[in-house]
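Residue numbers (the working numbering): 2 to 168. Even glycine gets a Cβ: it sits at the ideal position worked out from N, Cα and C. Model, not experiment: these values are computed from the prediction.
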(Lines of atoms letter the chains of each structure in order from A; the text may use other names.)
(Lines give C-alpha, C1' and ligand atoms only; values in the text may rest on other atoms or scores of the structure.)
Protein backbone atom coordinates (compact mmCIF):
# COMPACT_ATOMS: atom_id res chain seq x y z
CA UNK A 2 0.00 0.00 0.00
CA UNK A 3 1.13 3.55 -0.68
CA UNK A 4 2.35 5.84 2.06
CA UNK A 5 -0.65 7.46 3.81
CA UNK A 6 -1.44 11.02 2.75
CA UNK A 7 -4.38 11.50 5.12
CA UNK A 8 -4.45 10.93 8.86
CA UNK A 9 -7.86 10.21 10.40
CA UNK A 10 -8.22 10.66 14.14
CA UNK A 11 -11.19 10.16 16.42
CA UNK A 12 -11.69 10.73 20.11
CA UNK A 13 -13.26 7.33 20.79
CA UNK A 14 -14.05 4.04 19.09
CA UNK A 15 -17.73 5.04 19.21
CA UNK A 16 -16.83 7.59 16.48
CA UNK A 17 -15.70 4.85 14.09
CA UNK A 18 -18.95 4.42 12.10
CA UNK A 19 -18.80 8.06 10.93
CA UNK A 20 -15.04 8.24 10.47
CA UNK A 21 -15.00 5.02 8.44
CA UNK A 22 -17.04 6.88 5.83
CA UNK A 23 -14.14 9.29 5.28
CA UNK A 24 -11.80 6.32 4.89
CA UNK A 25 -14.17 4.67 2.39
CA UNK A 26 -14.23 7.79 0.21
CA UNK A 27 -10.45 8.06 0.31
CA UNK A 28 -10.04 4.38 -0.56
CA UNK A 29 -12.47 4.67 -3.48
CA UNK A 30 -10.36 7.53 -4.83
CA UNK A 31 -7.11 5.58 -4.35
CA UNK A 32 -5.80 7.76 -1.51
CA UNK A 33 -3.83 6.01 1.21
CA UNK A 34 -4.81 6.87 4.79
CA UNK A 35 -4.10 5.92 8.38
CA UNK A 36 -6.51 5.96 11.32
CA UNK A 37 -6.20 6.04 15.11
CA UNK A 38 -7.99 6.94 18.33
CA UNK A 39 -6.43 9.91 20.06
CA UNK A 40 -8.53 11.89 22.51
CA UNK A 41 -7.62 15.55 23.02
CA UNK A 42 -8.52 15.21 26.71
CA UNK A 43 -7.65 11.64 27.64
CA UNK A 44 -4.58 11.20 25.42
CA UNK A 45 -3.25 14.76 25.06
CA UNK A 46 0.42 13.79 24.71
CA UNK A 47 -0.32 11.17 22.04
CA UNK A 48 -2.48 13.70 20.18
CA UNK A 49 0.23 16.37 20.24
CA UNK A 50 2.95 13.97 19.07
CA UNK A 51 0.73 12.65 16.27
CA UNK A 52 0.03 16.17 15.00
CA UNK A 53 3.63 17.36 15.33
CA UNK A 54 5.04 14.38 13.43
CA UNK A 55 2.37 14.04 10.75
CA UNK A 56 4.16 16.10 8.10
CA UNK A 57 7.47 14.22 8.48
CA UNK A 58 5.55 10.94 8.10
CA UNK A 59 4.15 12.16 4.75
CA UNK A 60 0.68 13.10 5.93
CA UNK A 61 -0.69 16.09 4.01
CA UNK A 62 -4.22 16.44 5.44
CA UNK A 63 -5.70 15.53 8.81
CA UNK A 64 -9.33 14.63 9.50
CA UNK A 65 -10.43 14.74 13.14
CA UNK A 66 -13.81 13.62 14.46
CA UNK A 67 -15.11 14.21 17.96
CA UNK A 68 -18.37 14.80 19.78
CA UNK A 69 -19.50 16.90 22.74
CA UNK A 70 -16.70 19.38 23.56
CA UNK A 71 -15.04 18.30 20.29
CA UNK A 72 -11.61 19.77 20.95
CA UNK A 73 -9.68 17.19 18.92
CA UNK A 74 -9.52 19.09 15.62
CA UNK A 75 -8.53 22.34 17.33
CA UNK A 76 -5.87 20.71 19.46
CA UNK A 77 -4.44 18.95 16.40
CA UNK A 78 -4.48 22.22 14.43
CA UNK A 79 -2.60 23.93 17.26
CA UNK A 80 0.29 21.47 16.81
CA UNK A 81 0.63 21.51 12.99
CA UNK A 82 0.30 23.79 9.99
CA UNK A 83 -1.18 21.00 7.87
CA UNK A 84 -4.81 21.41 6.81
CA UNK A 85 -7.16 20.03 9.47
CA UNK A 86 -10.73 19.02 8.71
CA UNK A 87 -13.06 18.73 11.69
CA UNK A 88 -16.01 16.35 11.78
CA UNK A 89 -18.41 17.25 14.60
CA UNK A 90 -20.16 14.12 15.81
CA UNK A 91 -23.63 13.58 17.24
CA UNK A 92 -23.68 12.81 20.93
CA UNK A 93 -25.96 13.55 23.82
CA UNK A 94 -29.06 15.70 23.94
CA UNK A 95 -27.71 18.45 21.68
CA UNK A 96 -27.47 16.13 18.64
CA UNK A 97 -24.02 17.38 17.69
CA UNK A 98 -24.67 21.11 17.76
CA UNK A 99 -22.27 21.45 20.71
CA UNK A 100 -19.60 19.61 18.71
CA UNK A 101 -20.30 21.76 15.65
CA UNK A 102 -19.77 24.99 17.58
CA UNK A 103 -16.66 23.64 19.31
CA UNK A 104 -15.16 22.55 15.99
CA UNK A 105 -15.95 25.60 13.89
CA UNK A 106 -15.15 28.33 16.46
CA UNK A 107 -11.34 28.39 16.32
CA UNK A 108 -9.15 31.34 17.27
CA UNK A 109 -7.35 33.29 14.53
CA UNK A 110 -4.29 31.44 13.26
CA UNK A 111 -5.56 27.97 14.21
CA UNK A 112 -8.03 27.23 11.39
CA UNK A 113 -10.11 24.07 11.18
CA UNK A 114 -12.19 23.42 8.08
CA UNK A 115 -15.46 22.01 9.37
CA UNK A 116 -17.94 19.74 7.62
CA UNK A 117 -21.50 18.91 8.68
CA UNK A 118 -22.41 17.03 11.83
CA UNK A 119 -21.53 13.36 11.14
CA UNK A 120 -20.11 14.50 7.78
CA UNK A 121 -17.49 11.79 7.41
CA UNK A 122 -18.03 11.39 3.67
CA UNK A 123 -17.62 15.09 2.98
CA UNK A 124 -14.47 15.15 5.11
CA UNK A 125 -13.05 12.51 2.78
CA UNK A 126 -14.07 14.48 -0.30
CA UNK A 127 -12.65 17.71 1.11
CA UNK A 128 -9.35 16.00 1.90
CA UNK A 129 -9.29 14.66 -1.66
CA UNK A 130 -9.99 18.15 -3.03
CA UNK A 131 -7.08 19.56 -1.05
CA UNK A 132 -4.78 16.81 -2.28
CA UNK A 133 -5.95 17.32 -5.87
CA UNK A 134 -4.32 20.77 -5.97
CA UNK A 135 -1.04 19.12 -6.95
CA UNK A 136 -2.38 15.81 -8.27
CA UNK A 137 -4.20 16.22 -11.62
CA UNK A 138 -5.17 12.53 -11.71
CA UNK A 139 -7.04 12.95 -8.45
CA UNK A 140 -8.74 16.12 -9.71
CA UNK A 141 -9.94 14.06 -12.69
CA UNK A 142 -11.34 11.33 -10.41
CA UNK A 143 -13.24 13.94 -8.42
CA UNK A 144 -14.67 15.46 -11.59
CA UNK A 145 -15.71 12.01 -12.84
CA UNK A 146 -17.45 11.35 -9.52
CA UNK A 147 -19.34 14.65 -9.74
CA UNK A 148 -20.26 14.03 -13.37
CA UNK A 149 -21.68 10.59 -12.50
CA UNK A 150 -23.65 12.13 -9.62
CA UNK A 151 -25.10 14.76 -11.96
CA UNK A 152 -26.01 12.06 -14.50
CA UNK A 153 -27.74 9.93 -11.84
CA UNK A 154 -29.86 12.90 -10.78
CA UNK A 155 -30.72 13.79 -14.37
CA UNK A 156 -31.86 10.20 -14.94
CA UNK A 157 -33.97 10.22 -11.75
CA UNK A 158 -35.49 13.58 -12.72
CA UNK A 159 -36.40 12.26 -16.17
CA UNK A 160 -37.95 9.12 -14.66
CA UNK A 161 -40.00 11.22 -12.26
CA UNK A 162 -41.28 13.43 -15.07
CA UNK A 163 -42.29 10.33 -17.04
CA UNK A 164 -44.20 8.91 -14.05
CA UNK A 165 -45.95 12.23 -13.42
CA UNK A 166 -47.10 12.44 -17.04
CA UNK A 167 -48.54 8.90 -16.82
CA UNK A 168 -50.46 9.65 -13.61
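Proximity winner among the options, relative to residue i (alpha-carbon distances)
i	options	result
residue 23	138, 65, 143	65
residue 107	28, 156, 52, 72	72
residue 41	80, 29, 30, 5	80
residue 142	28, 70, 154, 4	28
Start and end residues, alpha helix (DSSP H) containing residue i
i	result
residue 57	Segment: none, residue 57 is in no alpha helix (DSSP H) and carries neither H nor E.
residue 131	121-132
residue 76	73-79
Element boundaries [beta strand (DSSP E), containing residue i]
i	result
residue 30	Where residue 30 is concerned, there is no enclosing beta strand (DSSP E), given that its DSSP letter is neither H nor E.
Inter-residue CB distance, residue i and residue j (contact presumed, cutoff 8 Å)
i	j	result
residue 87	residue 115	5 Å
residue 60	residue 36	Residue 60 to residue 36, Cβ: 12 Å. No contact.
residue 126	residue 62	Actually they are not in contact, since the Cβ atoms of residue 126 and residue 62 sit about 11 Å apart, beyond 8 Å.
Inter-residue spacing [alpha-carbon to alpha-carbon] between residue i and residue j
i	j	result
residue 56	residue 166	57 Å
residue 14	residue 149	33 Å
residue 110	residue 78	9 Å
residue 53	residue 160	52 Å
Checklist entry - Using 8 Å as the threshold, is the segment 16-35 in touch with the segment 84-99, meaning 3 or more CB pairs across them? => result yes
Checklist entry - Does the pairing of the segment 93-104 with the segment 121-131 give three or more beta-carbon distances under 8 Å? => result no
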